[in-house]
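In the numbering used here, the protein residues as written are 90 to 507.
Cβ atoms here follow ideal geometry from the backbone N, Cα and C, with glycine treated the same way.
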Ligand code: AMP
Ligand code: MG
């Protein structure tokens, strides 16, 4: 008898997965290895930035009071008493109508309070003239104007990107505390599967999900152990799953979660005593996506259908991995777009359509990326987003406003919104 499964809304499935996330702990690594990791400590300014008043331009450091009354008809002459390159200090006080030539980034000398940009001056022998007065503080980049010592700049749980690395370097973090990275296990199930390098033979197809998931993990900087492909055999599959879950932090399987005669994953979860969080999600593709937990480890049972597998990873696996690492913005960013072509099918379940968004004269437009059944592989190779059509909606027409989820975005958002 075919088991009747009760579909749960996508948001509920995501919520259930997130509720079962266990943090993985932290480690200290070299700053230069930190791209893509999740910060495990907040960045608090260790000192003022800039750490001293400095010149934002190449020009002359002056006492503003000496420029008082300068105009086109009353050019005031200054004499230059020395030069301060970036990294050097001026060593003598500036006297009346005296100036230092100063370069961008150099510390403002003691009693100067303004900087004249080169293009605001006219060169003379031994100096320059001014034709406008300068105010106290004009053209000075002040100590602490960017960040004040003690200020909280970036929260723990943020993903480290190149800008974060610049900030950490500014404060002298040669090493940084980050979340450890979980190691994934990957197993593709299906007696019909061939290796990528195999010739096609009747009844068989090449395993595309395994390599795709490796790519999805690589894009997140997550390493994995591959358990290859398993034929649809309950005992053999059970022992591989058992081994994989013992050797890794979570397991992603593809295929075998449906209700066919050779779909053995449900039986394997039962044999292992894993708690199944759900085995049916009101989404298309990927309604058979199943997630179970064994101890503190997830067993992600993705559909074998390539589109469904891809979508299941992006919607459920990716946020879980980020949350395991303490990431506070694990979800794909969302935008509003105009649908670029008619989509006449009704949507009993929330539909995720692989699509390409572009900026057009009438705003952001999203065009479906082609053949989009759950078994599609061609459209997953195209596009840069997923159009979301909520469950219970009828067809959509060109120009209708829809939500899109951005794929491959380094920075996520903290709220699940569809
Ligand atoms: P399943 O989820 O096992 O019922 O498989 C659903 C469909 O996806 C079937 O047509 C399978 O042949 C296909 N499929 C399963 N695994 C893979 C895979 N690793 N790569 C490509 N297609 C697959
Ligand atoms: Mg199968």
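Let me check one thing: in DSSP terms, what residues is residue 478 bridge-paired to?
Answer by DSSP bridge pairing, in chain order: 440.
Distance check for residue 263 and residue 153, CA to CA, integer angstroms please.
CA-to-CA, the gap between residue 153 and residue 263 works out to about 40 Å.
Excluding the 5 residues flanking residue 116 on each side, which residues of the same chain have their C-beta closer than 6 Å to its C-beta?
269
Among residues of its own chain, excluding the 5 on either side of residue 143, which ones have a beta-carbon nearer than 7 Å to its beta-carbon?
194, 195, 196, 197, 230
Which two residues bound the contiguous alpha helix (DSSP H) that contains residue 146?
Unbroken run through residue 146: none, as it is neither H nor E.
Near ligand 2: residue 401 beta-carbon under 6 Å from a heavy atom
For residue 401, the shortest C-beta to heavy atom distance toward ligand 2 is 6 Å or greater.
Cβ separation of residue 392 and residue 463, assumed to be a contact under 8 Å, to the nearest whole Å:
7 Å
Is residue 345 near ligand 2, going by C-beta to nearest heavy atom under 6 Å?
With a cutoff of 6 Å, residue 345 counts as near ligand 2, since its C-beta is closer than that to a heavy atom of the ligand.
Bridge partners of residue 196, per DSSP?
143
Environment of residue 95 [buried if 16+ CB atoms lie within 10 Å]:
Residue 95 comes out exposed.
Selected residue, minimal CA-CA separation from residue 216, among 489, 172, 443:
172
Straight-line Cα distance separating residue 431 from residue 483
12 Å
Buried or exposed for residue 276, please, with buried defined as at least 16 other CB atoms from any protein chain shown within 10 angstroms of its CB.
buried
Is residue 333 near residue 274, with beta carbons less than 7 Å apart?
Between residue 333 and residue 274, the CB-CB gap stays under 7 Å.
Go ahead and label residue 133 buried or exposed: buried means 16 or more other beta carbons lie within 10 angstroms of its beta carbon, across all protein chains shown.
exposed
Are there any heavy atoms of ligand 2 lying less than 6 Å away from the beta-carbon of residue 481, as far as the coordinates show?
no
Is the beta carbon of residue 461 within less than 6 Å of some heavy atom of ligand 1?
no
Should residue 183 go down as buried or exposed, given a rule of 16 or more other Cβ atoms within 10 Å for buried?
buried
Any non-hydrogen atom of ligand 2 within 6 Å of residue 390 CB
Flag unset: Cβ of residue 390 not near ligand 2.
Give me whichever residues DSSP pairs with residue 265 in a beta bridge.
118
Closer than 8 Å is the cut-off here; do at least three beta carbon pairs connect the segment 237–246 with the segment 370–389?
no
Decide yes or no for the touch test of the segment 419–431 against the segment 340–347: beta carbon pairs closer than 8 Å, at least 3 of them.
no
What number of angstroms, rounded off, separates the C-alpha of residue 295 from the C-alpha of residue 344?
In a straight line, the C-alpha of residue 295 is about 13 Å away from that of residue 344.
Less than 7 Å separating the beta-carbons of residue 498 and residue 439?
No, Cβ-Cβ distance for residue 498 and residue 439 is not below 7 Å.
Contact test: residue 452 Cβ vs ligand 2 heavy atom, cutoff 6 Å:
If you check the C-beta of residue 452 against ligand 2, you find no heavy atom less than 6 Å away.
Quick one: does residue 125 have its CB under 7 Å from some CB of chain C?
Absent from the structure: chain C. Only one protein chain is present.
Using CA atoms only, rank isn't needed, just tell me which of 330, 397, 306 is closest to residue 320.
330
The segment 400–410 touching the segment 449–459, judged by at least three CB pairs closer than 8 Å
Contact fails between the segment 400–410 and the segment 449–459, because fewer than three Cβ pairs, one in each stretch, are under 8 Å apart.
Between the alpha carbons of residue 352 and residue 373, how many angstroms are there, rounded?
19 Å
Helix, strand or coil for residue 331 per DSSP?
helix
Name the one or two DSSP bridge partners that residue 534 has.
Residue 534 lies beyond the stretch modelled for the chain, which goes from 90 to 507, so this question has no answer here.
Enumerate, from N- to C-terminal direction, the unbroken beta strand (DSSP E) stretches of 3 or more residues contained entirely within the segment 324–370.
339–343, 364–367
Out of 478, 443, 490, which one is the CA nearest neighbour of residue 451?
490
Give every residue of the same chain whose Cβ lies closer than 7 Å to the Cβ of residue 232, excluding the five residues on either side of it in the sequence, and list them in chain order.
Around residue 232: 137, 139, 140, 141, 142.
What runs of the beta strand (DSSP E), each 3 residues or longer, lie entirely inside the segment 170–239?
187–191, 203–206, 210–213, 216–219
Ordered along the chain, which non-local residues of its own chain (more than five positions away) have a Cβ less than 7 Å from that of residue 187?
The answer, listed in chain order, is 167, 168, 170.
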